[in-house]
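Peer 1: Chains A and B are the protein sequences, given in the same order. Under this note's numbering, the first residue of the first sequence is numbered 51, with each subsequent residue one higher. Under this note's numbering, the first residue of the second sequence is numbered 318, with each subsequent residue one higher. Below is one structure. I have some questions about it.
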Amino acid sequence: MNKNFPERLWQLCQEMPHENAVHFLEAGSDDLAITYQEFYQKSADFAEALNQAGIQPGEVVVLIIDYRVDLLFAFWGAVIHGAIPAILPFLTEKLNPERYLSDLASLISVTRPSAIITYRDFQPIVTKAAEGGSSVRSILYLEQIKREDKDPVNSHQGFNRSKNDIVLLQHSSGTTGLQKGVALSHQSVFNQIEALSESIQLERSSDVIISWLPLYHDMGLIAGFILPILSGIPLVLMSPFDWVRAPYRLFQAVSHYKGTLSWLPNFAYNFCARKIRDRHLSEVDLRSWRAVINCSEPVRRESHLAFYEKFAPYGLRQDALQTSYAMAENTFGVTQSGLGKEPATQHVDQYAFLEQGMIKAAEDNKPSLIMMSSGKTLSNTRVRIQDPDGKILPDDRIGEIALQSNCMLSEYFNRPDTTADSLQDGWFLTGDYGYRSGEEIYVTGRKKDLIIVGGKNIYPGDIEELLYELPGIHPGRAVVFGLFNEKLGTEDVILIAETDLEKPQDHQELADLIRVHVTQNSPVSLRHVKITSPGWIIKTSSGKTSRSANKAKYLAELNTA
Amino acid sequence: MRTDIISALSIFIADEILSQPERIIDENDKLISSGLIDSLSLVDIALFVEEEFQVIIDDTELNADTFDTLTELKAIILSRQS
């Protein structure tokens with residue numbers, strides 16, 4: 051058994067030096083194949099650069115790198131050096147640089163990284179975020195890294211890391227998410243990989259993983275990067291920026307590389323089914339794809355059906371469509387549906403589900419819902435469903451999902467308060483609602499105020515705070531919530547703001563201002579913006595804004611309109 | 318007087334992307350760099366232009382450098398129709 055990541059990577063580098071670790075795809079360029087030996091060598095250049103910069107093992111290194119192959123090497127270079135990499139989203143053209151700067155400065159103040167690896171264009175922002183007595187001692191630019199491609203050696207400091215040392219940090223997006231770095235140990239990740247590999251029957255000799263997922267998100271980082279690299283499975287990686295503009299490239303890659311496994315958030319099933327032209331699929335053969343795993347958003351059967359209908363003519367098997375429930379705090383997977391057959395579904399009574407938190411079989415002529423299972427718990431993970439007092443609920447009762455496993459986070463990095471809050475009697479409280487039916491776990495919703503849109507976790511409070519920066523909106527007079535959109539297969543972000551302005555023209559201008567402000571200062575765009583006169587937003591007796599009450603009012607208005 | 322191409326694009330974006338049917342998009346409004354159109358909707362524009370005007374916009378062109386306003390998009394459509 052390897053005790054840490056560098057040992058495992060080294061072992062693979064010895065066993066299969068000339069096998070391809072990664073095929074790196076970029077629109078407009080030839081595909082780039084990288085063998086294990088090259089992968090190790092190029093990563094070791096970054097380890098050496100960190101060493102030269104005086105960065106110590108156990109220190110955090112923040113990576114802000116756009117989509118290029120150096121991001122992969124920088125990550126593994128930090129690991130080989132024994133430092134703790136944290137990949138952050140980079141600044142895209144739509145984001146406001148000032149906001150990015152303030153989020154980055156706040157991340158730096160909590161996470162206290164010693165180094166940042168980035169690229170030259172990013173110098174002004176990174177330099178500013180790291181000034182003024184911050185923990186950052188060194189900023190390394192990709193352009194300065196010495197590329198020596200020396201023969202691989204296993205004498206780097208990372209080989210001395212112990213199995214319970216932290217190997218990486220993973221953040222979710224937004225102002226709030228960036229301040230909660232999930233810290234994972236070498237052993238936790240190994241344990242996750244072992245259990246997940248067992249449940250998806252991973253085979254080194256035949257599997258090929260195809261991914262377009264961003265590496266700053268747990269699904270992309272673990273399933274779409276670390277799992278294949280540490281398992282000796284070829285990874286075909288494309289940019290999320292290319293995928294969103296040309297989703298057909300995923301299917302061409304599966305066909306060309308005989309891909310067997312992919313993970314997608316639910317919205318991607320709808321997106322691909324609706325937005326790919328048949329002329330881009332003319333030579334595509336999807337028969338090799340044995341599992342396309344729906345994960346990181348609530349899973350919808352309708353989305354699977356739409357995806358299947360679109361791609362069945364190209365060889366997609368219906369039993370390839372699978373589900374999983376996952377979270378960064380459990381490294382990644384919590385449950386996984388059984389491969390080779392479709393995920394279990396239940397046809398349930400809507401009233402019992404919504405009003406009583408209970409699962410009852412649907413009856414004729416009564417409103418009902420189709421629930422799709424997220425599968426069984428991984429062999430190393432235990433799930434219990436509990437009520438607000440911590441009492442364990444029986445099957446078919448909706449409650450909060452709590453977890454125990456040997457692949458849990460070590461802590462929220464430098465946040466002992468938040469870490470303590472998330473645990474109760476040794477169980478991790480997920481903030482998600484669900485129920486158990488036999489061995490199957492169904493996820494039904496969320497306790498925490500979190501919107502999942504296009505696979506990204508968004509805290510509504512972050513968006514509301516943004517609004518109060520605008521003229522015409524007073525603090526406490528806006529509310530943000532998520533509303534599921536059937537057509538898109540994900541949640542829409544709905545924003546309601548009260549204003550004293552009276553003219554319709556002023557409302558229109560304010561709505562535009564809000565839209566642009568939120569787009570430029572957060573990871574999402576708003577789908578609906580409603581401007582109202584004062585008095586619309588419902589407050590609790592203590593003066594707090596209840597998101598659920600306002601969502602109910604909004605829905606009621608939609609239904610009567 | 319707004320041309321047919323600009324009107325058609327404006328209506329499509331207001332209805333389908335912004336869900337604000339009453340919204341009128343000025344022909345020189347910044348669409349992509351302002352974030353008015355998010356990345357998940359860029360491909361919708363390409364699909365609409367292809368269906369409506371039989372003009373192909375390649376996925377590598379879906380960025381603010383190629384077009385950022387309705388005027389610029391209209392110019393691309395006209396140049397490729399001829």
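For every residue, glycine included, the Cβ atom is placed at its ideal position computed from N, Cα and C.
Mind checking whether A/Val529 and A/Ile502 have CB atoms under 8 Å apart?
Peer 2: On the first sequence, position 479 is the one that residue 529 of chain A refers to. On the first sequence, position 452 is the one that residue 502 of chain A refers to. Taking 8 Å as the Cβ cut-off, A/Val529 and A/Ile502 do not qualify as a contacting pair.
Peer 1: Mind listing the chain B neighbours of A/His578? Cutoff is C-beta to C-beta under 8 Å, in chain order.
Peer 2: Start at 1 with the first residue of the first sequence, and residue 578 of chain A comes out as number 528. Those within 8 Å of A/His578 in chain B are Ser336.
Peer 1: Does the separation of the CB atoms of A/Met288 and A/Leu75 fall below 8 Å?
Peer 2: Counting from 1 along the first sequence, the entry for residue 288 of chain A is found at position 238. Counting from 1 along the first sequence, the entry for residue 75 of chain A is found at position 25. For A/Met288 and A/Leu75, yes; Cβs fall inside 8 Å.
Peer 1: If A/Ile508 and A/Val574 are in contact, beta carbons under 8 Å, what's the gap, nearest whole angstrom?
Peer 2: If you number the first sequence from 1, residue 508 of chain A lands on position 458. If you number the first sequence from 1, residue 574 of chain A lands on position 524. Confirmed, Cβ separation roughly 6 Å.
Peer 1: Pop quiz: B/Leu379 and B/Val360 are said to be a contact at Cβ under 8 Å. What is the actual Cβ separation, rounded to whole angstroms?
Peer 2: Locating residue 379 of chain B in the second sequence gives position 62, where the first residue counts as 1. Locating residue 360 of chain B in the second sequence gives position 43, where the first residue counts as 1. Yes, B/Leu379 and B/Val360 are in contact; Cβ-Cβ is about 7 Å, under 8 Å.
Peer 1: Apart from the five residues on each side of it in sequence, which residues of its chain come closer than 7 Å, Cβ to Cβ, to A/Ser93?
Peer 2: Taking the first sequence and counting its residues from 1, the one referred to as residue 93 of chain A is at position 43. The residues are Phe123, Trp126, Gly127, Ile130.
Peer 1: Return no unless some Cβ of chain B is closer than 8 Å to the Cβ of A/Thr225.
Peer 2: Along the first sequence, one-based indexing puts residue 225 of chain A at 175. Judged by the 8 Å Cβ criterion, A/Thr225 is not in contact with chain B.
Peer 1: DSSP state of A/Asn535, grouped into three classes?
Peer 2: On the first sequence, position 485 is the one that residue 535 of chain A refers to. Three-state DSSP puts A/Asn535 in a strand.
Peer 1: Please say whether A/Tyr266 and A/His221 have beta carbons closer to each other than 8 Å?
Peer 2: Residue 221 of chain A sits at position 171 when you count from the first residue of the first sequence. Residue 266 of chain A sits at position 216 when you count from the first residue of the first sequence. Against a cut-off of 8 Å, the Cβ pair of A/Tyr266 and A/His221 comes out as a contact.
Peer 1: Could you check what DSSP says for A/Met408 in three-state terms: helix, strand or coil?
Peer 2: As a working mapping, residue 408 of chain A is identified with position 358 in the first sequence. Three-state result, A/Met408: strand.
Peer 1: Can you confirm whether A/Arg350, when its beta carbon is compared against all beta carbons of chain B, has any partner nearer than 8 Å?
Peer 2: For the purposes of this step, residue 350 of chain A is identified with residue 300 of the first sequence, where counting begins at 1. Not an interface residue.
Peer 1: Would you say the segment 481–498 of chain A touches the segment 510–519 of chain A, given that touching needs at least three Cβ pairs under 8 Å?
Peer 2: no
Peer 1: Who are the Cβ neighbours of A/Leu366 in its own chain at under 6 Å, not counting the five residues just before and after it?
Peer 2: In the first sequence, residue 366 of chain A corresponds to position 316, counting from 1. Closer than 6 Å at Cβ, skipping near neighbours: Leu336.
Peer 1: In or out: A/Asn430 buried (at least 16 other Cβ within 10 Å) or exposed?
Peer 2: Position 380 of the first sequence holds residue 430 of chain A. Buried, by the Cβ-count rule.
Peer 1: Mind listing, in chain order, the continuous alpha helix (DSSP H) runs of no fewer than 4 residues lying wholly within the segment 249–328 of chain A?
Peer 2: Counting only runs of 4 or more, we get 277–281, 290–295, 298–307, 316–325.
Peer 1: Going by the beta-carbon positions, is the gap between A/Val176 and A/Thr168 smaller than 8 Å?
Peer 2: Translated into the one-based positions of the first sequence, residue 176 of chain A becomes position 126. Translated into the one-based positions of the first sequence, residue 168 of chain A becomes position 118. For A/Val176 and A/Thr168, yes; Cβs fall inside 8 Å.
Peer 1: Which residues in chain B have a C-beta closer than 7 Å to the C-beta of A/Glu143? List them in chain order.
Peer 2: Translated into the one-based positions of the first sequence, residue 143 of chain A becomes position 93. Here the neighbours are Ser350, Ala381.
Peer 1: Just verifying my parser: in three-state terms, what is the DSSP assignment at A/Trp339?
Peer 2: Locating residue 339 of chain A in the first sequence gives position 289, where the first residue counts as 1. Residue state, collapsed to three classes: coil.
Peer 1: Using a Cβ-Cβ distance under 8 Å, would B/Ser356 count as near chain A?
Peer 2: Along the second sequence, read from residue 1 onward, the residue named residue 356 of chain B stands at position 39. Chain A contact via Cβ: present.
Peer 1: Take A/Tyr117 as the anchor and find which of A/Asp499, A/Glu98, A/Pro139, A/Ile105 has the nearest alpha-carbon.
Peer 2: Walking along the first sequence from the start, residue 117 of chain A turns up at place 67. With distances taken between Cα atoms, A/Tyr117 lies closest to A/Pro139.
Peer 1: Checking contacts by CB at 8 Å: is A/Val325 closer than that to chain B?
Peer 2: The sequence position of residue 325 of chain A within the first sequence is 275, counting from 1. With the sequence shown as reference, residue 325 of chain A is identified as Lys, and Val is not the correct amino acid for it. Output row for A/Lys325: interface = yes.
Peer 1: Which one of B/Ile354, B/Ser396, B/Leu387 has the shortest CA to CA distance from B/Gln371?
Peer 2: By 1-based counting over the second sequence, the position of residue 371 of chain B is 54. Of the candidates B/Ile354, B/Ser396, B/Leu387, the one whose C-alpha sits nearest the C-alpha of B/Gln371 is B/Ser396.
Peer 1: Which full runs of the alpha helix (DSSP H) of 4+ residues lie inside the segment 86–158 of chain A, going along the chain?
Peer 2: 86–102, 120–131
Peer 1: Please report the residue range of the alpha helix (DSSP H) in which A/Gly227 lies.
Peer 2: Mapped onto the first sequence, residue 227 of chain A falls at position 177. 224–227 is the span of the alpha helix (DSSP H), which, as asked, contains A/Gly227.
Peer 1: Which bits of chain B does A/Ser575 rub up against, with CB to CB less than 7 Å?
Peer 2: Working through the first sequence from its first residue, we reach residue 575 of chain A at position 525. Here the neighbours are Gly352, Asp355.
Peer 1: On the three-state DSSP scale, how would you describe A/Leu500?
Peer 2: Taking the first residue of the first sequence as position 1, residue 500 of chain A is located at position 450. In the three-state scheme derived from DSSP, where H, G and I count as helix and E and B as strand, A/Leu500 is classed as coil.
Peer 1: Return the CA-CA distance between B/Asp346 and A/Tyr150, expressed in angstroms with no decimal places.
Peer 2: Stepping through the second sequence from its first residue, residue 346 of chain B is reached at position 29. Stepping through the first sequence from its first residue, residue 150 of chain A is reached at position 100. Spanning the two alpha carbons is a distance of roughly 24 Å.
Peer 1: Beta carbons nearer than 9 Å to chain B: which residues of the segment 69–83 of chain A have them?
Peer 2: Cβ contacts with chain B come from Ala77, Gly78.
Peer 1: May I ask you to list, following chain order, the residues of the segment 363–382 of chain B that have a beta carbon less than 7 Å from some beta carbon of chain A?
Peer 2: Correct list: Leu364, Asp376, Thr377, Leu379, Ala381.
Peer 1: Out of A/Asn146, A/Asp550, A/Asp471, which one is the CA nearest neighbour of A/Gln570?
Peer 2: Here residue 570 of chain A refers to the residue found at position 520 when the first sequence is read from its first residue. Ranking A/Asn146, A/Asp550, A/Asp471 by Cα distance to A/Gln570 puts A/Asn146 first.
Peer 1: Among A/Gly383, A/Val342, A/Ala179, which has the Cα closest to the Cα of A/Gln368?
Peer 2: Translated into the one-based positions of the first sequence, residue 368 of chain A becomes position 318. When each option's Cα is compared against that of A/Gln368, the closest is A/Val342.
Peer 1: What does a CB cutoff of less than 6 Å around A/Ile84 pick up in its chain, not counting 5 residues either side in sequence?
Peer 2: Walking along the first sequence from the start, residue 84 of chain A turns up at place 34. The answer, listed in chain order, is Ala71, Val72.
Peer 1: 8 Å is my cut-off, CB to CB: does B/Ala390 come that close to chain A?
Peer 2: Taking the first residue of the second sequence as position 1, residue 390 of chain B is located at position 73. According to the sequence as given, residue 390 of chain B is Leu; it is not Ala. No, no contact with chain A.
Peer 1: Indicate whether A/Asp95 and A/Lys196 have their beta-carbon atoms separated by less than 8 Å.
Peer 2: In the first sequence, residue 95 of chain A corresponds to position 45, counting from 1. In the first sequence, residue 196 of chain A corresponds to position 146, counting from 1. In this structure, A/Asp95 places its C-beta atom within 8 Å of the C-beta atom of A/Lys196.
Peer 1: With 8 Å as the threshold, decide whether the Cβ of A/Gly208 is near any Cβ in chain B.
Peer 2: Residue mapping note: residue 208 of chain A aligns to position 158 of the first sequence, counting from 1. Chain B contact via Cβ: absent.
Peer 1: Suppose the cutoff is 8 Å on Cβ atoms and the five residues either side in sequence are ignored; what does the same chain contact list for B/Met318 look like?
Peer 2: Reading the second sequence from its first residue, position 1 is the one you call residue 318 of chain B. With a pLDDT of only 46 at B/Met318, under 50, the local geometry of the prediction cannot be trusted, and the value read off the model is given with reservation. Cβ neighbours of B/Met318 within its own chain (closer than 8 Å, five residues either side excluded): none.
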